[in-house]
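>
Chains as they are written, first to last, in my numbering: chain A, 92 to 801; chain B, -17 to 177.
Here it is in structure tokens:
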């Protein structure tokens, strides 16, 4: 499709309405700077994309001199082969309220319908939002080369952005739409699986587990009794015999409880009687001659105490005598020693008074002292022996006295215990309601009766428990059957739901693999298509030929870590090294490089249905050789694209008019002269250049196409 | 030194390339008395007129290119008025089969666009037919590739690309559903359940 008319009013440099018939293969916009050429191009961009992304702020593109404060641009497009024109109108007021309208064969599309229709017109896509998110970007990278942003794709866009844009251009958007559809669908799919799991399967599983747990607590076999009813009646009869109060209104459980209580009471009673019997028996076994034995012991103690006193007196007296002997003996020993010394030295004359004495008599006198000492020693030994015998007798007497005292204490203790037992027996007999004179034989009879009754109760309780158990098991068996039926039903339901979930999960897994595959497939398709652009880029760059050695261009698409990247390089074949173009090329060469890439992209857009190329003043810094190369390229593009090109340079305009002139009757060239600008807008003049038949240099007999091979 | 394409190969390649590109060509063209010049090859199409001359040495080229240009201009002017746009569509291809001495001389000749556009092809560009034809690129139609007007549907290529992930039949079912605005997941599920 091509543009065949532009109707613009209130938009940027066009305050007043102007209508341009664009039904031409080439439209040259010529005029001085600031006369509205860029506004002309922007009007087309804005009308088709709703955005002019080179403006950092999203200013509303309304002319300051717009009479009604509104910008309105209509672009009419038409299939290249003809067909019905389609009018696309976009308008906006100062509040930002924007409106898009499309008129096609008298059918009017407005609002969302217009957006959808425009998307289909431009992209033939299902996903309107996604396409329109990129349309402005796509437009300014491959359709409309803006003069300020000539090198944007090379310098400003990063490799990932380039890949995204080129992916869109390569038609990978459709795959990404499919992927997006699958991803959002898968999210819902998984929610649905979870819903089935939580709302359906989990409750059934919980119910199944509860029923299974209940069933596992129930017995599957009843006690083997011929007839539980007969057993029960027999039990009730026997119970009523023992405890008449247990009539038919009592349940088995209550009866068993009453019987147990009764047995426990009897057990307590018999234990009490056994205790009483024991006390009574122990009292009777005790010797009742305690007072007499106590009296005898008191007499013995008294006699021995008196005897002990006498012995103590005698020991005292003997001890005193022995003391006096010890004293005399000491004096005697000294006198004997002195006498022995004097005897050894005795002469006839006294050594003290020097008087003469009878030596014999003196010797006899001195011998008396020795004999006296010997006599005292003998008396002492005798008395010591006597004292030892007295003391031994005293110790023996004391031991006997102590023994008697102990016997007395024991007897007194036994007497006290006997009193206590007697009191206790009296009290317990009273508590048991028995007379104090009850005999041991009577007590034993009563104990025997209790034992008999307790045994009967125990037997009856055992019988009742068996009957009760049999009845409970019978009940459990019937419950178990019901639970098993329920289990079976739930199992079937669980199996069905689990199969459904497994099938859904299998689909989810397949979809996940699909999505995973789409990710790499979209990258692969984009990469392959991007690399298809590379030769065209090279061909165009070679024609413009801006650099004497860096003649090879590289457009490298890579798939790194699941992300696509596009890198643009330049290469000297002799160096064989890919280099960033920026640092290598001069500004004008870089512009030529950028224009080449732009045109390559422009010619390679397969899914953008508008076949136009818009170049806003591409002259910047290009030298004349590059310009000639560029114009030669445009000549070759002309059969494929409707070309819009603006310039302020008269010589370039002349070159364009000459080189892009119609080469047959069907072709048209339009030059729009922007002669002046005022607050009413640009003063424009349109001049169409018709086809003129031209002479040929070579004679008609020259070799014509194809004949060379023949 | 790298072997360069021979003169006969160059002529054949050039004739074939121009002929295939829609040019009328003339070899061994002998002009009338006013031109007094024999060009190795002349070619013409709707876009322009090309004269081609092969030189064995750079010195010969430097000495002779100006006369060659003058001859070409005279030849064109015999048929086309100097004010006609087509008069500005003349190109002179100057081929030098030996290395050039000074690059600046080459650029100087090429930058002189006063009369006709000169395209100089040096021995570096005569190392192979592909490199040589690339140097003539600006005179030949622009091959834009097959994708410009075709409408490739990447969806159609998916079943094969996804072969390692998903059974191609299943992929096709999902893609067909998607194209019919149906749920591709339901389509996959239905196919899986029924299989």
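Even for Gly, the Cβ is constructed at its ideal location relative to N, Cα and C.
#1: With three or more C-beta pairs closer than 8 Å as the rule, is the stretch 116 to 123 of chain A touching the stretch 758 to 767 of chain A?
#2: Can you find a CB in chain B that lies within less than 8 Å of the CB of residue 219 of chain A?
#3: Whose C-beta lies closer than 8 Å to the C-beta of residue 133 of chain A among residues of the same chain, with five residues either side of it excluded?
#4: At a CB-CB cut-off below 7 Å, which residues of chain B make contact with residue 715 of chain A?
#5: In or out: residue 146 of chain A buried (at least 16 other Cβ within 10 Å) or exposed?
#6: In three-state DSSP terms, what is residue 640 of chain A?
#7: Can you tell which of A/193, A/271, A/93 has the C-alpha that lies nearest to the C-alpha of residue 234 of chain A?
#8: Residue 398 of chain A and residue 488 of chain A: beta carbons closer than 8 Å?
#9: Just list the residues that DSSP pairs residue 772 of chain A with in beta bridges.
#10: What is the rounded straight-line gap between the Cα of residue 44 of chain B and the Cα of residue 27 of chain B?
#11: Quick one: what does DSSP say residue 188 of chain A is sitting in, helix, strand or coil?
#12: Among B/42, B/51, B/41, which residue has its Cα nearest to the Cα of residue 34 of chain B?
#13: Considering just the uninterrupted stretch of the beta strand (DSSP E) at residue 662 of chain A, what are its terminal residues?
#14: Are the C-beta atoms of residue 130 of chain B and some chain A residue less than 8 Å apart?
#15: Could you pull out every unbroken alpha helix (DSSP H) segment of at least 4 residues lying fully inside the stretch 93 to 158 of chain A, listed in chain order?
#16: Can residue 84 of chain B and residue 36 of chain B be called in contact, C-beta distance under 8 Å?
#17: According to the neighbour-count rule (16 or more other Cβ atoms, all chains shown, within 10 Å of its Cβ), is residue 386 of chain A buried or exposed?
#18: Of the residues A/245, A/566, A/374, which one's Cα is nearest the Cα of residue 510 of chain A?
#19: Got a sec, what are the start and stop residues for the beta strand (DSSP E) residue 74 of chain B sits in?
#20: Sorted by chain position, which residues of the same chain lie with C-beta nearer than 8 Å to residue 95 of chain A's C-beta, five sequence neighbours on each side aside?
#21: I'd like the list of long-range same chain contacts for residue 46 of chain B, defined as Cβ closer than 7 Å, with 5 residues on each side in sequence excluded.
#22: Please go through the same chain and pick out, in chain order, the residues whose beta-carbon is closer than 6 Å to the beta-carbon of residue 263 of chain A, but skip the five residues on each side of it.
#23: What are the partner residues of residue 37 of chain B, as DSSP defines its beta bridges?
#24: Chain A partners of residue 51 of chain B, CB-CB under 8 Å?
#25: When DSSP labels each residue in this structure, what does residue 764 of chain A get in the three-state scheme?
#26: Can you find a C-beta in chain A that's less than 8 Å from the C-beta of residue 112 of chain B?
#27: Looking at chain B, which residues of the stretch 595 to 609 of chain A have a Cβ within less than 8 Å of any of its Cβ atoms?
#28: For a cutoff of 8 Å on Cβ pairs, would you count residue 615 of chain A as touching chain B?
#29: Given 8 Å as the limit, is there contact between the stretch 321 to 330 of chain A and the stretch 516 to 531 of chain A, that is, 3 or more CB pairs closer than that?
#30: Name the chain B residues whose beta carbon is nearer than 7 Å to that of residue 789 of chain A?
#31: Considering Cα atoms alone, identify which of A/416, A/665, A/655 is closest to residue 640 of chain A.
#32: Less than 8 Å between the beta carbons of residue 655 of chain A and residue 254 of chain A, yes or no?
#33: In whole angstroms, what is the alpha-carbon distance linking residue 705 of chain A and residue 135 of chain B?
#34: Would you identify the three-state DSSP class for residue 364 of chain A, choosing helix, strand or coil?
#35: Leaving out the 5 sequence neighbours to the left and right, which residues in its chain are closer than 7 Å to residue 153 of chain B when beta-carbon positions are compared?
#36: Taking 8 Å as the limit between beta carbons, can you name the residues of its chain near residue 556 of chain A, skipping five residues before and five after?
Straight from the coordinates:
#1: yes
#2: Working through the first chain from its first residue, we reach residue 219 of chain A at position 128. Since pLDDT at residue 219 of chain A reaches only 47, below the 50 mark, its modelled position is unreliable, and the value read off the structure follows with that caveat. Residue 219 of chain A does not count as touching chain B.
#3: Reading the first chain from its first residue, position 42 is the one you call residue 133 of chain A. Excluding residues within five positions, the ones whose Cβ falls inside 8 Å are 102, 103, 143, 152.
#4: Within the first chain, the letter at position 624 stands for residue 715 of chain A. Per Cβ cutoff of 7 Å: 95.
#5: In the first chain, residue 146 of chain A corresponds to position 55, counting from 1. So residue 146 of chain A counts as exposed.
#6: As a first step, residue 640 of chain A must be located in the first chain, where it is residue number 549. Coil.
#7: Here residue 234 of chain A corresponds to residue number 143 of the first chain, with the count starting at 1. Nearest Cα to residue 234 of chain A within the set A/193, A/271, A/93: A/93.
#8: If you number the first chain from 1, residue 398 of chain A lands on position 307. If you number the first chain from 1, residue 488 of chain A lands on position 397. Against a cut-off of 8 Å, the Cβ pair of residue 488 of chain A and residue 398 of chain A comes out as a contact.
#9: Translated into positions along the first chain, residue 772 of chain A becomes position 681. Residue 772 of chain A is bridged to A/769.
#10: Here residue 44 of chain B refers to the residue found at position 62 of the second chain. Here residue 27 of chain B refers to the residue found at position 45 of the second chain. The straight-line gap from Cα to Cα measures roughly 28 Å.
#11: Reading the first chain from its first residue, position 97 is the one you call residue 188 of chain A. Judged by DSSP in its simplified three-state form, residue 188 of chain A adopts coil rather than helix or strand.
#12: What you label residue 34 of chain B is simply residue 52 of the second chain in a count that begins at 1. When each option's Cα is compared against that of residue 34 of chain B, the closest is B/51.
#13: Stepping through the first chain from its first residue, residue 662 of chain A is reached at position 571. Start and end: 654 to 662.
#14: Against the second chain, residue 130 of chain B aligns to sequence position 148. The predicted position of residue 130 of chain B is uncertain, since its pLDDT is 40 and thus under 50; a value taken from the coordinates is nonetheless stated next. Yes, because at least one Cβ of chain A sits closer than 8 Å to the Cβ of residue 130 of chain B.
#15: Within the stretch 93 to 158 of chain A, the complete alpha helix (DSSP H) segments of 4 residues or longer fall at 128 to 140, listed in chain order.
#16: Taking the first residue of the second chain as position 1, residue 84 of chain B is located at position 102. Taking the first residue of the second chain as position 1, residue 36 of chain B is located at position 54. Taking the C-beta atoms as reference points, residue 36 of chain B is found no nearer than 8 Å to residue 84 of chain B.
#17: Within the first chain, numbered from 1, the residue matching residue 386 of chain A stands at position 295. Sixteen is the threshold: since fewer than 16 other Cβ atoms of the shown chains lie within 10 Å of the Cβ of residue 386 of chain A, the residue is exposed.
#18: To locate residue 510 of chain A, count along the first chain from 1; it is residue 419. Cα-wise, what sits closest to residue 510 of chain A is A/374.
#19: The residue labelled residue 74 of chain B in the question sits at position 92 within the second chain. Start and end: 72 to 78.
#20: In the first chain, residue 95 of chain A corresponds to position 4, counting from 1. The answer, listed in chain order, is 112, 113, 114, 167, 168, 169, 176.
#21: Along the second chain, one-based indexing puts residue 46 of chain B at 64. Shown here for residue 46 of chain B: same chain residues with a beta carbon closer than 7 Å to its own, the five before and five after excluded, namely 37 in chain order.
#22: Within the first chain, residue 263 of chain A is the residue found at index 172, counting from 1. 613, 616, 617, listed in sequence order.
#23: Numbered from 1 along the second chain, position 55 holds the residue referred to as residue 37 of chain B. Its beta-bridge partners are B/78.
#24: Within the second chain, numbered from 1, the residue matching residue 51 of chain B stands at position 69. Going along chain A, no residue has its Cβ under 8 Å from residue 51 of chain B, so there is no contact; the nearest lies around 15 Å.
#25: The residue given as residue 764 of chain A occupies position 673 in the first chain. DSSP places residue 764 of chain A in strand when its eight states are reduced to three.
#26: If you number the second chain from 1, residue 112 of chain B lands on position 130. Output row for residue 112 of chain B: interface = no.
#27: Against chain B - using a Cβ distance shorter than 8 Å - the residues of the stretch 595 to 609 of chain A are 595, 597, 598, 601, 602, 604, 605, 607, 608, 609.
#28: To locate residue 615 of chain A, count along the first chain from 1; it is residue 524. Yes, residue 615 of chain A lies at the interface with chain B (some Cβ there is under 8 Å from its Cβ).
#29: no
#30: On the first chain, residue 789 of chain A is found 698 positions in, with the first residue counted as 1. Per Cβ cutoff of 7 Å: 6, 8, 24, 26.
#31: Position 549 of the first chain, counting from 1, holds the residue named residue 640 of chain A. It is A/665 whose Cα lies nearest to the Cα of residue 640 of chain A.
#32: Here residue 655 of chain A refers to the residue found at position 564 when the first chain is read from its first residue. Here residue 254 of chain A refers to the residue found at position 163 when the first chain is read from its first residue. Result yes, Cβ atoms of residue 655 of chain A and residue 254 of chain A sit closer than 8 Å.
#33: By 1-based counting over the first chain, the position of residue 705 of chain A is 614. By 1-based counting over the second chain, the position of residue 135 of chain B is 153. Spanning the two alpha carbons is a distance of roughly 27 Å.
#34: Walking along the first chain from the start, residue 364 of chain A turns up at place 273. Three-state result, residue 364 of chain A: helix.
#35: One-based indexing of the second chain puts residue 153 of chain B at position 171. Answer for residue 153 of chain B: 140, 141, 144, listed in chain order.
#36: Numbered from its first residue, the first chain carries residue 556 of chain A at position 465. 347.
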